[in-house]
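Position one of the sequence shown corresponds to residue 0 (numbering that gives the first Met the number 0), numbered consecutively onward.
Glycine included, every Cβ here is placed at the ideal spot set by N, Cα and C.
One structure below.
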Amino acid sequence: MKSIIVLLLFISSYSYSQIELGSGTDGKPAPKLWIETNSYSFGKIPFNVPATVTFEIKNTGDAPLLITKAEPTCNCTLVDYTKDEIPPGGNGFVKATFDARIVGKFDKRIFLYTNAYEGEMDLILKGEVFFISNK
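Structure below.
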């Protein structure tokens, strides 16, 4: 009886480790998006002066990562991103330029769509636009 229990434990631990080998849920090779932080604060920026940030991303998975779309929540943000596949261990970017034409605090998002298991990630841009008086 003890040998049957030991055998079952061995088989179940082996099958569990097979799932963990890949980045996907089925154990197959899959891309995995890694980013140091998904939020950036511009702080205070002057009115009508565009502000730009570049988010560096890395593929920590074991299959090519592809950014399929980067969609800002408003027309006040222009987005550029790596269009080619990012190989395992490779780096890419998402560059966002905020058009500071409205005075006040802002909290904008960019929806980042990928072929990674997680699928979607939100990038957050925050700050405050202030008006400079000519007096």
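Closest by C-alpha distance to F130, when choosing among G60, L65, P30 and K104:
If we check each option's Cα against that of F130, K104 comes out closest.
Where in the segment 72-122 do unbroken runs of the beta strand (DSSP E), each at least 3 residues long, occur, reported from the N-terminal end onward?
Unbroken beta strand (DSSP E) stretches of 3 residues or longer found wholly inside the segment 72-122: 76-80, 90-97 and 103-113, given in chain order.
Classify V128 as helix, strand or coil using the three-state DSSP reduction.
V128 sits in a strand when the DSSP states are folded into three classes.
Using a Cβ-Cβ cut-off of 8 Å (strictly less than) and excluding sequence neighbours within five positions of A50, which residues of its own chain qualify?
Here the set comprises F41, I44, T96, F97, A99 and G126.
Could you check what DSSP says for T36 in three-state terms: helix, strand or coil?
Here T36 sits in coil by DSSP.
Check this for me: beta carbons of P28 and L64, under 8 Å apart or not?
Going by beta carbons, P28 and L64 fall outside the 8 Å limit.
Evaluate V48 with the Cβ neighbour count: other Cβ atoms within 10 Å of its Cβ, from every protein chain shown; 16 or more gives buried, anything less gives exposed.
So V48 counts as exposed.
Taking DSSP as the reference, what is the three-state secondary structure of N47?
Coil.
Which term fits G91, buried or exposed, when burial requires 16 or more other beta carbons within 10 angstroms of its beta carbon?
Counting of Cβ neighbours within 10 angstroms places G91 among the buried residues, the total reaching 16 or more.
Name the residue from D83, E35, V128 and R108 whose alpha carbon lies nearest to the alpha carbon of V102.
Taking each of D83, E35, V128 and R108 in turn and checking the Cα distance to V102, the smallest one comes out for V128.
Go ahead and label L77 buried or exposed: buried means 16 or more other beta carbons lie within 10 angstroms of its beta carbon, across all protein chains shown.
The residue is exposed, with fewer than 16 neighbouring Cβ atoms inside 10 Å.
Which of the three DSSP states is assigned to N133 in this structure?
N133 falls in the coil class under three-state DSSP.
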